[in-house]
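Residue numbering for the sequence shown follows numbering that gives the first Met the number 0, beginning at 0 and increasing consecutively.
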Amino acid sequence: MTIFKRLISMLAALTLAACGGGGGSAGTPAFGNGGSTPGATASDLEIRLSPNTIPNTGDSTVALTVTALDANRTALPGVEVTVAADNGGVVTLPASTTGRQLTNAQGQIVGTVGIGSLRTNRTITVTATSGSVTRTAALSVISIPAGATPSTIELVASANSVGTGGDAVTIRAFVKDANNNALANAPVAFATNTGTLSNVSTVTDVGGSATALFASGSNKANRSATITVTSAAVQSQITLPIVNTKLTLSGPSSMIVGTTTSFIIVATDSNANPLPNVAVTATSSLGNGLARPDGNNTDLSGQIRFVYTATNAGTDSLVFEGAGARVSPQPALVVSGDDFSFISPAASTSVAVNTSQS
């Protein structure tokens, strides 16, 4: 009888504890957190990879589609799904302001899967999870088929032009097959019609690219270079301007017919270094004389002197050219046809005002 009374007392105490005591909060439910209303819940997930193989070059991706389904196999929008990949795979999904991935109006999450920085052949497992439902799909990383041949070559330069001062530009060639997959170990040949090539790759790397450094070489003239890259029967070209050799000029802006003067021209490269032995020519739109008494080329300081004889009057559009550069006086040289001089009168001579003198 005593044991029975004790059991009754214990049951009463448990009942009061479950009710939260004699007042206040109802307390935390004994089984689960309760309180929130669940959203849409998937009964199943469907993962589709298109295609389910990917080259081991690292540049390609495959399309990923995850569909949330209810018990009737109907797509469910607004379902939260997490997606991950193992073995170095990289999953890229649409940006989310909440940090959560919810299925779209079609009940899908759409993204891509790549192989990341790891280039070995392997199987990447893509896992999608929603609530208690988890599904996987396998992506096989494979070598490019042995029979794959180059179909296109894409050329990219690290700069839009190259200076004449010795700066180098990197030329990168991307060799691809007919399916736009990068080709590793493809033979590559670089050639140029001017300038120099150095550090030249002869085969593509694991990413399907090959590089070479291009510079203007010993020729300091402004011009264009055409770099040609060949792989098997495929060829591609890129044109780079070689620029910034300059001519600077010093000399008068006006003269009197019948006189002579000198114009000094200085040739410099893209780094402002003087350029010796540059042939410089000059033309006069008035047909006036331009002589080079010190030689036809610039000296060790990059200078050359022209002696100009003003035989004909007018505006003379002088042009000096050399090493692919040109310069003209700004404004154009004016040769005056009026030959006049001032005559000083003898001391103590009276000169009438407002009267012509001769």
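Quick reminder that beta carbons are idealized off the backbone N, C-alpha and C, glycines included.
Rounded straight-line distance, which links the Cα of GLY336 to that of ALA351: 29 Å
Looking at the strands, I want to know which residues DSSP matches up with THR135. THR126
Specify the secondary structure class of LEU285 as computed by DSSP and reduced to three states. coil
Would you say the stretch 156–170 touches the stretch 233–253, given that touching needs at least three Cβ pairs under 8 Å? yes
Quick one: using the 10 Å Cβ neighbour count with 16 as the cut-off for buried, is GLY207 buried or exposed? buried
The beta strand (DSSP E) enclosing GLY165, as first and last residue numbers: No beta strand (DSSP E) holds GLY165; DSSP gives it neither H nor E.
Can you give me the C-alpha to C-alpha distance between SER49 and THR126, rounded to a whole angstrom? 15 Å
Terminal residues of the beta strand (DSSP E) in which GLN234 lies: 233–242
If you run the structure through DSSP and keep just helix, strand and coil, what is LEU248? strand
Skipping 5 residues on each side, what residues in its chain have a beta carbon closer than 7 Å to that of SER349? none
When you compare the CB of ASN243 with every CB in chain D, is at least one pair closer than 7 Å? In the structure shown, chain D does not exist; there is a single protein chain.
Give every residue of the same chain whose Cβ lies closer than 6 Å to the Cβ of LEU117, excluding the five residues on either side of it in the sequence, and list them in chain order. GLY87
Quick one: using the 10 Å Cβ neighbour count with 16 as the cut-off for buried, is ALA324 buried or exposed? buried
Would you mind working out which of ALA70, THR163, ILE303, VAL233 sits nearest ASN221, comparing C-alpha positions? THR163
Alpha carbon to alpha carbon, what distance is there between GLY313 and GLY257? 12 Å
Just checking my contact of ASN198 with ALA224 at CB under 8 Å: how many whole Å lie between their CB atoms? About 17 Å separates the two Cβ atoms, so there is no contact after all.
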